[in-house]
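Asker:
Residue numbers (the working numbering), protein chains in the order written: chain C, 70 to 517; chain U, 4 to 294.
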């Protein structure tokens, strides 16, 4: 199947679409904070700092023009979260959408979970393309008719109308997190999901909003003894009893919910010993894991820290099976990156449909495709300059030092304000969604 | 854009940058980010270790040199003819006797040789704390209640009797009890209890200003300006005017910062006494190094 093929150097990526405003003056509310395909890949959701969710839908393929792969167009937009104020703690709660996760589709409607720092919401997105007409007691505009004027009866019928997509909040899961929620993950049982903040992980039932179970709690008795926080968590794609969570210390713990009610004791601990020759002031920061993702087949998991991507075999705890450098040239710049706060950027990573290629973002609107099977990697750029339809993306090279070759860009010329933190890969096809600060780029495999 | 000028990877500037970040995080939207502040506190700790190691080495070196010179002068008063030979002989024996005394020799040698001494010192004392820091549980001390000062181990010949008769392999180790903050010196198998008035004053001095700290976030901005007040207890010990120019935040206060953040998160003000009644364990390690 062409779609599941490798995404490395064999595949040529070409521009498909870009969504979002063109001007350089970026409104803070428009900054994209999460990107997620649904399970079929037909829908693509983005969340932003303003608390809005925008869902794009892939148009059904145009048979007459097979080269023109179907495009994604806006399907629904809604305000998911609003800014709130916690009066007790005098804290403002940001409306920024931290994560969106789709539920597998069960009926005509689509469901997704979206979360900000404190509250998770279940949204139902449903279509309405017909409406009933011919009520007896009501006029078409809804006003009630005077009963005395009714002389005949008729049966109301459905008549087609312009497609309307409605989003309605079906559940609100609130007040369960003291700290900032960083992850949500739907279980393969389709009934439960987990939410993780800095120190705790809670298990919810999708139907029940007034209670949740705390399954991990790493808060020390004395907060002064705090040494690590939870940075990401995810359920295993097939084993509904298994989940993992990563920490700021660069470790990943795999927990089995069958072992005990409180999963503070891990079943497996994945940790690679630190290389003492690389020790610096910032060693703790760059080893903090910003994202963890299971492979689709459930045999591997991938972690992203500041400079690298690591692939772990779930059966081997003492070291990753593969390590890829994302932008090693930044290692000598850590001090400057600390000063301008870039060192705290949390990059995400994602797998392609058949787990042969992984992708992650970098600076200067660069993103990296790391082909596991071919052991090759390529750096591409999401930029307005390469926006012609079906224009093939040219590999980019960063010159770490010494003489800069033609077409290379030097480290000092990189724009650290242009960062790609969020990327997503279509579950079946070679279609990727890459979020720059306020734009969403969609790239597709070049079809000859 | 990264500044093309080489950023000063200087412990002192990192400390001030980190403090600024912690301070700014208070006013950022969305509340204090625990993760980011934890990472900043690690940088702060690393920078402070390096900074304090350098300072401590320098001062200790100067003190040792002064002590040796004082002894030499005393010998000179007693026996003016033997003075030069004795001192040189002792120095030579020092160098030869134990590996650890290489640093002391470095201190006694002309200035040009002092840089290696510092470098030698850093790993040996840095290892003492980070051994604990780098392990899973920060609070685990190498030994339960006593902490061996590696700095002291590097200078086994301090206060040795420089008379030619004595065996140069004098053993002196300084230990600090983490719970009672009493410094004891073990010399040639004999135990001395040092009256560490200045040390205790330091520790108490570090604690009492902390107690003044209010847990109300609103007052924190003004309290940042009070930070320099914490350093006088250290200054009393070292009497080094070079300290006056820099205001590294006392590490025990770093832990208090975290406790302040922590209490802010729970939304319930912690009773001042319970949170600041004792110096937390990881801060104790660092306190020991520098006192």
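Every residue gets a Cβ at the ideal spot worked out from N, C-alpha and C, and that includes glycine.
Because the structure is a prediction, the values reported are computed rather than measured.
1. Quick check on residue 307 of chain C: buried or exposed, where buried means 16 or more other Cβ atoms within 10 Å of its Cβ?
2. Counting C-beta neighbours from all protein chains within 10 Å, is the total for residue 508 of chain C 16 or more, i.e. buried, or is it exposed?
3. Name the chain C residues whose beta carbon is nearer than 9 Å to that of residue 36 of chain U?
4. Just the Cα atoms here: how many angstroms apart are residue 47 of chain U and residue 171 of chain C?
5. Please identify, using Cβ separations under 7 Å, the residues of the segment 17 to 46 of chain U that lie next to chain C, in order along the chain.
6. State the Cα-Cα distance for the pair residue 31 of chain U and residue 290 of chain C, rounded to the nearest angstrom.
7. Taking C-beta pairs closer than 7 Å, name the residues in chain U that residue 154 of chain C reaches, listed in chain order.
8. On the DSSP bridge list, what partners appear for residue 200 of chain C?
9. State the DSSP-derived secondary structure class of residue 22 of chain U, mapped to helix, strand or coil.
10. Under a Cβ-count criterion, where at least 16 other Cβ atoms within 10 Å of its own Cβ denotes burial, should residue 244 of chain U be classed as buried or exposed?
11. What residue from C/243, C/149, C/173 and C/223 has the CA that sits closest to residue 235 of chain C's CA?
12. In this structure, how does DSSP classify residue 490 of chain C when only helix, strand and coil are distinguished?
13. Determine the chain U residues that contact residue 351 of chain C at a beta-carbon separation under 7 Å, and present them in chain order.
14. In terms of DSSP beta bridges, what is residue 235 of chain C paired with?
15. Any C-beta of chain U sitting closer than 8 Å to the C-beta of residue 224 of chain C?
16. Is the shortest distance between the beta-carbon of residue 49 of chain U and the beta-carbons of chain C less than 8 Å?
17. Taking a Cβ distance cut-off of 7 Å, strictly less, list which residues of the segment 334 to 364 of chain C are near chain U, in chain order.
18. I'd like to check one pair, residue 418 of chain C with residue 362 of chain C: are the Cβ atoms closer than 8 Å?
19. Is residue 91 of chain C buried or exposed, if buried means 16 or more other CB atoms sit within 10 Å of its CB?
20. Less than 8 Å between C-beta atoms, sequence neighbours within five positions excluded: which residues of the same chain meet that for residue 484 of chain C?
21. Taking 7 Å as the limit between beta carbons, can you name the residues of its chain near residue 118 of chain C, skipping five residues before and five after?
22. Looking only at its chain, what residues have a beta carbon closer than 7 Å to the beta carbon of residue 24 of chain U, apart from the 5 residues adjacent to it on each side?
23. Along the segment 154 to 174 of chain C, what residues have a CB closer than 9 Å to any CB found in chain U?
24. Starting from residue 186 of chain C, find everything on chain U with Cβ-Cβ shorter than 8 Å and list it in chain order.
25. With a cut-off of 8 Å, do at least 3 Cβ pairs link the segment 314 to 324 of chain C to the segment 353 to 362 of chain C?
26. Take residue 262 of chain C and list the residues in its own chain whose beta-carbon comes closer than 7 Å to its own, dropping the five residues that flank it on each side.
27. What does the alpha-carbon distance come out to for the pair residue 447 of chain C and residue 116 of chain C?
28. Ends of the beta strand (DSSP E) at residue 170 of chain C?
29. Based on the DSSP secondary-structure assignment, which residues constitute the bridge partners of residue 304 of chain C?
30. List the residues of chain U whose Cβ lies closer than 9 Å to the Cβ of residue 300 of chain C, in chain order.
31. On a Cα-Cα basis, can you pick out the residue from C/335, C/175 and C/231 that is closest to residue 258 of chain C?
32. If you measure between the beta carbons of residue 143 of chain C and residue 125 of chain C, is that distance less than 8 Å?
33. Can you confirm whether residue 317 of chain C, when its beta carbon is compared against all beta carbons of chain U, has any partner nearer than 8 Å?
34. In three-state terms, what does DSSP make of residue 485 of chain C?
35. Tell whether a beta-carbon distance below 8 Å holds between residue 430 of chain C and residue 496 of chain C.
36. Which residue from C/449, C/225 and C/195 puts its Cα closest to that of residue 204 of chain C?
Answerer: Let me spell this out:
1. Along the first chain, read from residue 1 onward, the residue named residue 307 of chain C stands at position 238. Label assigned to residue 307 of chain C: exposed.
2. Numbered from 1 along the first chain, position 439 holds the residue referred to as residue 508 of chain C. Residue 508 of chain C counts as buried, since no fewer than 16 other beta carbons sit within 10 angstroms of its beta carbon.
3. Taking the first residue of the second chain as 1, we reach residue 36 of chain U at position 33. Near residue 36 of chain U (Cβ distances below 9 Å), the residues of chain C are 249, 267 and 413.
4. For the purposes of this step, residue 47 of chain U is taken as the residue at position 44 of the second chain. For the purposes of this step, residue 171 of chain C is taken as the residue at position 102 of the first chain. Their Cα atoms are separated by approximately 40 Å.
5. 17, 20, 32, 33, 34, 36, 37, 38, 39, 41, 42, 45 and 46
6. Here residue 31 of chain U is taken as the residue at index 28 of the second chain, counted from 1. Here residue 290 of chain C is taken as the residue at index 221 of the first chain, counted from 1. Roughly 27 Å between the two C-alpha positions.
7. Position 85 of the first chain holds residue 154 of chain C. Per Cβ cutoff of 7 Å: no residues; residue 154 of chain C is ~11 Å from chain U at best.
8. Counting from 1 along the first chain, the entry for residue 200 of chain C is found at position 131. Its beta-bridge partners are C/228.
9. Sequence index remark: in the second chain, residue 22 of chain U carries index 19 (1-based). The answer is helix: DSSP assigns residue 22 of chain U an H, G or I state.
10. What you label residue 244 of chain U is simply residue 241 of the second chain in a count that begins at 1. For residue 244 of chain U, the predicted structure reports a pLDDT of 35, less than 50, and the residue's modelled location is therefore unreliable. The matter cannot be settled from this model.
11. Within the first chain, numbered from 1, the residue matching residue 235 of chain C stands at position 166. Measuring from the Cα of residue 235 of chain C, the nearest candidate turns out to be C/149.
12. Sequence index remark: in the first chain, residue 490 of chain C carries index 421 (1-based). The answer is coil: DSSP assigns residue 490 of chain C none of H, G, I, E or B.
13. To locate residue 351 of chain C, count along the first chain from 1; it is residue 282. Simply 46.
14. Start at 1 with the first residue of the first chain, and residue 235 of chain C comes out as number 166. Answer by DSSP bridge pairing, in chain order: C/195.
15. Stepping through the first chain from its first residue, residue 224 of chain C is reached at position 155. With a threshold of 8 Å between beta carbons, residue 224 of chain C makes no contact with chain U.
16. Here residue 49 of chain U corresponds to residue number 46 of the second chain, with the count starting at 1. When Cβ-Cβ separations below 8 Å define contact, residue 49 of chain U makes contact with chain C.
17. 350, 351, 353, 354 and 357
18. The sequence position of residue 362 of chain C within the first chain is 293, counting from 1. The sequence position of residue 418 of chain C within the first chain is 349, counting from 1. Yes, these two residues count as a Cβ contact at 8 Å.
19. Within the first chain, numbered from 1, the residue matching residue 91 of chain C stands at position 22. That one is exposed.
20. Locating residue 484 of chain C in the first chain gives position 415, counting from the first residue. The answer, listed in chain order, is 432, 433 and 434.
21. As a working note, residue 118 of chain C is residue 49 in the first chain. Only 97, 98, 100, 102 and 165 meet the Cβ criterion.
22. To locate residue 24 of chain U, count along the second chain from 1; it is residue 21. Taken in chain order, the residues that qualify are 43.
23. 155, 157, 158, 159, 160, 161, 162, 163 and 165
24. If you number the first chain from 1, residue 186 of chain C lands on position 117. The contacting residues are 33 and 34.
25. Yes: the two stretches touch, three or more of their Cβ pairs being nearer than 8 Å.
26. Start at 1 with the first residue of the first chain, and residue 262 of chain C comes out as number 193. Correct list, in chain order: 182, 253, 254, 255, 256, 273 and 275.
27. Residue mapping note: residue 447 of chain C aligns to position 378 of the first chain, counting from 1. Residue mapping note: residue 116 of chain C aligns to position 47 of the first chain, counting from 1. Between the C-alpha atoms of residue 447 of chain C and residue 116 of chain C there is a straight-line separation of about 27 Å.
28. Counted from its first residue, the first chain places residue 170 of chain C at position 101. Unbroken beta strand (DSSP E) run through residue 170 of chain C: 168 to 171.
29. The residue given as residue 304 of chain C occupies position 235 in the first chain. Its beta-bridge partners are C/312.
30. Position 231 of the first chain, counted from the first residue, corresponds to residue 300 of chain C. Simply 38.
31. Start at 1 with the first residue of the first chain, and residue 258 of chain C comes out as number 189. Closest option to residue 258 of chain C, Cα to Cα, is C/175.
32. For the purposes of this step, residue 143 of chain C is identified with residue 74 of the first chain, where counting begins at 1. For the purposes of this step, residue 125 of chain C is identified with residue 56 of the first chain, where counting begins at 1. Against a cut-off of 8 Å, the Cβ pair of residue 125 of chain C and residue 143 of chain C comes out as a contact.
33. For the purposes of this step, residue 317 of chain C is identified with residue 248 of the first chain, where counting begins at 1. Taking Cβ atoms only, chain U reaches closer than 8 Å to residue 317 of chain C, which makes this a yes.
34. Here the question's residue 485 of chain C lines up with position 416 in the first chain. Coil.
35. The residue labelled residue 430 of chain C in the question sits at position 361 within the first chain. The residue labelled residue 496 of chain C in the question sits at position 427 within the first chain. No; because the gap between Cβ atoms is not below 8 Å, this pair is not in contact.
36. To locate residue 204 of chain C, count along the first chain from 1; it is residue 135. If we check each option's Cα against that of residue 204 of chain C, C/225 comes out closest.
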